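J.: Quick one: the structure is below, questions incoming.
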DNA sequence: ATAGCGATGAGCT
DNA sequence: GCTCATCGCTATA
């Protein structure tokens, strides 16, 4: 399958992109180890007018500056002092849109992922939850700003679409009314999802 | 210079 | 359901 290209990442509807990414394959080749998985859960964060976005109202700091780059680079940051969360930057330069990868379904390099996660058997918690995804794939802050069409981290397109569930984003209660936006997407009937809520609804296409 | 806190996860009740 | 580990980012001074 082909790598997603610059034209893909530079599209301006970050919510549509977050939904589309469900079913594509995230691949890393880090420390000489190849690992990959089908993306099963994403969240969209829209620059400027989204209170949950780190770049809300154009906030520009050492941490957020890469968000303003042309779509197609990685935004990795440390959360709660422990977890490295991996995001995809999208849209044109100066539009700080981002997509958080919250879960994947492992497809290759399972042994490497188990070792990185200190686990002995494959189960949903291996790669469910944004912190776990990064740890399993070997992604860390050293990949901040990395090109997503390079050799270390890239995404392969899909041939078929999966049923997708739409929901509210997790862990952003501080964002007021924007916490209610249905900008979280996950694959239906897939165990590799971080958290399910009652009000979740299928996406109509 | 520094207080406050977060796009989480694991473990225990 | 509840606690807490753990530390860099951010705002404020």
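Residue numbers (the numbering used here): 9 to 213. Just so you know, even glycine gets a beta-carbon here, dropped at the ideal spot from N, CA and C. Since this is a predicted model, take the numbers as computed values, not measurements.
#1: Tell me, to the nearest whole angstrom, how far the beta carbon of residue 46 is from that of residue 193; I am working on the premise that it is less than 8 Å.
#2: Taking all protein chains shown into account, decide if residue 68 is buried (16 or more other Cβ within 10 angstroms of its Cβ) or exposed.
#3: Just curious, the alpha helix (DSSP H) that residue 60 is in, first and last residue?
#4: Among 117, 75, 209, which residue has its Cα nearest to the Cα of residue 195?
#5: For the stretch 89-103 against the stretch 137-157, do three or more pairs of beta-carbon atoms, one drawn from each stretch, fall closer than 8 Å, so that the two count as touching?
#6: Using 8 Å for Cβ pairs, my map puts residue 75 next to residue 62. What's the rounded Cβ distance?
#7: Among the residues of its own chain, which have a CB less than 7 Å from the CB of residue 162, if the five just before and after it don't count?
#8: Under a Cβ-count criterion, where at least 16 other Cβ atoms within 10 Å of its own Cβ denotes burial, should residue 51 be classed as buried or exposed?
#9: Cβ atoms of residue 112 and residue 169: under 8 Å apart, would you say?
#10: Per DSSP, which one or two residues make a beta bridge with residue 209?
#11: Report, in whole angstroms, the separation of the C-beta atoms of residue 53 and residue 119, which I expect to be a contact under 8 Å.
#12: DSSP three-state label for residue 149, please.
#13: What would DSSP say about residue 42, mapped onto helix, strand or coil?
#14: For the stretch 100-166, list the alpha helix (DSSP H) runs that are entirely contained and at least 4 residues long, ordered along the chain.
#15: Determine, using beta carbons only, whether residue 17 and residue 55 come nearer to each other than 8 Å.
#16: Using beta-carbon positions only, say whether residue 32 and residue 165 come within less than 8 Å of one another.
#17: Going along the chain, which residues of its own chain have a beta-carbon closer than 6 Å to the beta-carbon of residue 20, five neighbours each way excluded?
#18: Exposed or buried, residue 205, counting other C-beta atoms within 10 Å across all chains shown (16 or more means buried)?
#19: Can you check whether the CB of residue 122 is closer than 8 Å to the CB of residue 128?
T.: So, from the listed chains and residues:
#1: So it is not a contact: roughly 13 Å between Cβ atoms.
#2: So residue 68 counts as exposed.
#3: Where residue 60 is concerned, there is no enclosing alpha helix (DSSP H), because DSSP gives it neither an H nor an E.
#4: 209 is the residue among 117, 75, 209 whose C-alpha sits nearest the C-alpha of residue 195.
#5: yes
#6: Under the criterion of beta carbons closer than 8 Å, residue 75 and residue 62 qualify as touching, at roughly 7 Å.
#7: Spatial neighbours of residue 162 in its own chain (CB-CB distance under 7 Å, excluding positions within 5 residues in sequence) are listed in chain order as 11, 35, 156.
#8: buried
#9: no
#10: 174
#11: Rounded to whole angstroms, the Cβ separation of residue 53 and residue 119 is 33 Å, and the two are not in contact under 8 Å.
#12: helix
#13: DSSP places residue 42 in the strand class (E or B) of the three-state scheme.
#14: 118-124, 138-145
#15: no
#16: yes
#17: 99
#18: Residue 205 is exposed by the Cβ-count criterion.
#19: yes
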